[in-house]
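S.K.: Per the working numbering, residue 6 is the first one in the sequence shown, and the count goes up by one each step.
Glycine included, each C-beta is placed from N, C-alpha and C at the ideal position.
A quick note: this is a predicted structure, and the numbers were derived from the prediction, not measured.
Have a look at this one before I ask anything.
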Amino acid sequence: MLEALTAALAAADLDALVALLHPDAIVVGDGGGKERTARLPVSGAVKVARFLLGLQQRYGSTQDTARPVMVNGDLGLLIPAWPGDADHPTPLARRVACIAVRDGRLVAIYDIVNPDKLAAGL
6 MLEALTAALA AADLDALVAL LHPDAIVVGD GGGKERTARL PVSGAVKVAR
56 FLLGLQQRYG STQDTARPVM VNGDLGLLIP AWPGDADHPT PLARRVACIA
106 VRDGRLVAIY DIVNPDKLAA GL
């Protein structure tokens with residue numbers, strides 16, 4: 006599931022992303038007021054897919070650096086900090102994307118970038 010997600014993101018394939026997402030998919034960010042993440046939840050498969058592709062466009066691919074992890078028994082991706090580069094100058098803080106699955110599709114992505122929570126768990 007995680008490999009399919011990262012491959013669809015790397016290919017910027019909207020249709021493949023939507024197919025992986027549950028119709029009720031949601032992205033929820035937790036920056037703890039200290040790091041940048043989604044301020045409001047993003048919901049619906051198409052909106053979530055477009056949001057993820059927008060992040061990919063702004064920050065670049067994390068496919069080569071993200072690694073799978075287990076977070077409280079659920080799937081997750083550990084995404085290391087990225088200082089930015091010439092094509093994607095906006096830096097990206099270290100984060101964990103916790104992923105919940107329902108009916109064989111991704112139903113929730115929790116973007117945990119709050120440094121207090123990351124320090125406690127990693």
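Does the pairing of the stretch 43–57 with the stretch 73–90 give three or more beta-carbon distances under 8 Å?
M.R.: With the cut-off at 8 Å, the stretch 43–57 and the stretch 73–90 do not touch.
S.K.: Are the stretch 39–47 and the stretch 16–28 in contact at 8 Å, needing three or more beta carbon pairs?
M.R.: No, they do not touch.
S.K.: Residues in its own chain within less than 8 Å of residue 25 by CB, not counting five upstream and five downstream?
M.R.: What you label residue 25 is simply residue 20 of the sequence shown in a count that begins at 1. The answer, listed in chain order, is 6, 9, 10, 13, 110 and 111.
S.K.: Is the beta carbon of residue 81 less than 7 Å from the beta carbon of residue 103?
M.R.: Residue 81 sits at position 76 when you count from the first residue of the sequence shown. Residue 103 sits at position 98 when you count from the first residue of the sequence shown. Their beta carbons are under 7 Å apart, which means residue 81 touches residue 103 by this criterion.
S.K.: What distance in whole Å lies between the Cβ atoms of residue 114 and residue 100, which are believed to be in contact at a cut-off of 8 Å?
M.R.: Position 95 of the sequence shown, counted from the first residue, corresponds to residue 100. Position 109 of the sequence shown, counted from the first residue, corresponds to residue 114. Between residue 114 and residue 100 the Cβ distance is about 11 Å, and since that is not below 8 Å, they are no contact.
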